[in-house]
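A quick write-up on the structure given underneath.
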Amino acid sequence: MLTGMVAMIIIRALRKDIIRYNHSDLEDQQDEYGWKLVHGDVFRAPFHRMWLSVLLGNGVQSLLMCLVTLCFAVLGFLSPASRGSIPTVMILFYLIFSCFSGYVSARMYKVQGGEGYKRNAIFTAFLFPGSILIVYLFLNMFMIANDSSGAIPFGTLLLILSIWTLISIPLCFFGAIIGFKRRTISIPVRTNQIPRQVPDQPMYLRFIPSSLIGGILPFGAIFIEVFYIMNSIIFHHIYSIFSFLFLGFLILIITCAEISILICYFRLCSEDYRWWWHSFVTSGSCALYIFLYSILYYYTKLSFDTFSSTVLYFGFSAIFCSFFFIISGTIGFFATFWFLRKIYG
441 MLTGMVAMII IRALRKDIIR YNHSDLEDQQ DEYGWKLVHG DVFRAPFHRM
491 WLSVLLGNGV QSLLMCLVTL CFAVLGFLSP ASRGSIPTVM ILFYLIFSCF
541 SGYVSARMYK VQGGEGYKRN AIFTAFLFPG SILIVYLFLN MFMIANDSSG
591 AIPFGTLLLI LSIWTLISIP LCFFGAIIGF KRRTISIPVR TNQIPRQVPD
641 QPMYLRFIPS SLIGGILPFG AIFIEVFYIM NSIIFHHIYS IFSFLFLGFL
691 ILIITCAEIS ILICYFRLCS EDYRWWWHSF VTSGSCALYI FLYSILYYYT
741 KLSFDTFSST VLYFGFSAIF CSFFFIISGT IGFFATFWFL RKIYG
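In structure tokens:
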């Protein structure tokens, strides 16, 4: 119901603006205001466009991995009683979808004016997956030191590294080559040569406050599922209600898209056209709330008596929140990108 209310707010406000602008088409440009006033700057390339493109590529890869894995689980092809089957399938899909990460990253880097796909493909293939792998190797050392049954043997780690090198990285470069050779995504308006000065923004529309506000709704949409997943992992319960998890994930996608579009619209009406990074961080900030909840869960539900257990808990929580950040951020970004191309088209 809340997502429907947000959608109604966007539709009514946008319809009112379009009607008002259509009545004033014959007026001078000096009489323009709101989001129409910044049409010449709204698609200006952001700072650090390489890193944004890399995160978007890895976000699409992780999003597809989660969606396809959930579909297989809902259809009954994956059994939670079979230990290790779901993580194995997730890793497999993550490797396969590397081609999409390279493709999307190259396409978005090109639309922002980037040149040369090689550096972009290298960062896409290595930066995020490599960082996650390094953190996991560090945590695996703790598990081996504590004789944990969840530790991965050295031989299996070498096998995973070999598969990543021989399959994932080439697929990423293949996708980047195809993406960069494709025609640049069309932009509906021409960008001015001189950047427009952004006026002072109200406190609630500034980058950090508005990003923190934007993460509340997506966190509320997925909060219950996160609680049950953490219970099932830590207390070794079997989580088998994949249909509810799939529904919750779809609601998460909708809320991330709506909240990013809504806050971007308010910022455009306030003549702030710097939406590229902001749309990503706005919906991605729900990962911060999940990590804060994991801290609360640690102090209220758990009683670890060793330092290693605490390190493992927060280490795996950080990995989970990192994936959640790029997935939700990618959803918010592409929803906003589609929205802006529509209203300025």
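Numbering-wise, the sequence shown is residues 441 to 785 according to my numbering.
Backbone N, C-alpha and C define an ideal beta-carbon position, used for all residues, glycine too.
The continuous alpha helix (DSSP H) containing W716 extends over residues W716 to G724. Taken in chain order, the unbroken stretches of alpha helix (DSSP H) that lie wholly in the region 597–672 and span 4 residues or more are 609–621 and 647–654. Counting C-beta pairs closer than 8 Å gives three or more between the region 565–577 and the region 748–768, which meets the contact rule. Taking the Cβ atoms as the reference, T770 lies roughly 3 Å from G499, within the contact range of under 8 Å.
In the structure shown, the three-state DSSP call for P569 is helix. Pairwise C-beta distances place the region 612–622 in contact with the region 533–545, as three or more of them are shorter than 8 Å. Distance from the CA atom of C511 to the CA atom of Y679, rounded to whole angstroms, is 15 Å. DSSP places R484 in the coil class of the three-state scheme, outside both helix and strand. With contacts defined by Cβ atoms closer than 8 Å, G474 and C709 form a contacting pair. About 23 Å separates the CB atoms of A758 and S700; that is not less than 8 Å, and the two are not in contact.
Closest by C-alpha distance to R636, out of G444, L477 and F659, is L477.
In the structure shown, V494 falls within a helical segment according to DSSP collapsed to helix, strand and coil. Rounded to the nearest angstrom, the Cβ distance from I767 to C506 is 7 Å, consistent with a contact under 8 Å. Secondary structure note for E711: it is in no alpha helix (DSSP H), with a DSSP letter that is neither H nor E.
Taking the Cβ atoms as the reference, V629 lies roughly 37 Å from Y534, outside the contact range of under 8 Å. Within a 10 Å sphere around the beta-carbon of Q501 sit 16 or more other beta-carbons, which makes this residue buried. A direct Cα-Cα distance of roughly 44 Å separates W715 from F594. When the beta-carbon positions are compared, V544 and G619 come within less than 8 Å of each other.
Residues of the same chain with a CB within less than 6 Å of the CB of F675, apart from the 5 flanking positions on each side, do not exist.
The Cβ atoms of S723 and G772 sit closer than 8 Å to each other.
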